[in-house]
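Be aware that the sequence shown starts at 133, since it is given in our numbering, and climbs by one per residue.
Ideal Cβ positions, reconstructed from N, Cα and C, are used throughout, including at glycine.
Worksheet: the structure to be examined is printed underneath.
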Amino acid sequence: MAIVVNLDVMMAKRKISAGDLAEAVGITPANLSILKNNKAKAVRFSTLSKLCEALDCQPGDILEFREEEK
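Structure below.
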């Protein structure tokens, strides 16, 4: 996948647990895990906005574009 989710990095920087972040964002821990482990096919802007608010960061701190290896 060309888009990489660096949620675990931001969580570590902000010292917030997955359970606490899921609660703050209003999603289930299972859905947060899907995002965190790069298994998500999409993310809603509303969810991304809440993640940024809870982690005090920008979308670019969470999402990264990487060229796919050929």
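Alpha-carbon spacing of A186 relative to V136, whole angstroms
19 Å
Rounded C-alpha distance that separates V287 from E201:
A question about residue 287 goes unanswered here, because the residues of the chain that appear run from 133 up to 202.
For the beta strand (DSSP E) that E196 lies in, which residues bound it at each end?
L195 to F197
With A144 and S165 assumed to form a contact (beta carbons below 8 Å), what rounded beta-carbon distance in angstroms separates them?
Not really, about 15 Å apart at Cβ, beyond 8 Å.
State the DSSP-derived secondary structure class of I166, mapped to helix, strand or coil.
helix
Which residue wins for smallest C-alpha separation from K182, given the options F197, K173, N170 and A154?
A154
Out of N163, D188 and F197, which has the shortest C-alpha to C-alpha gap to K147?
D188
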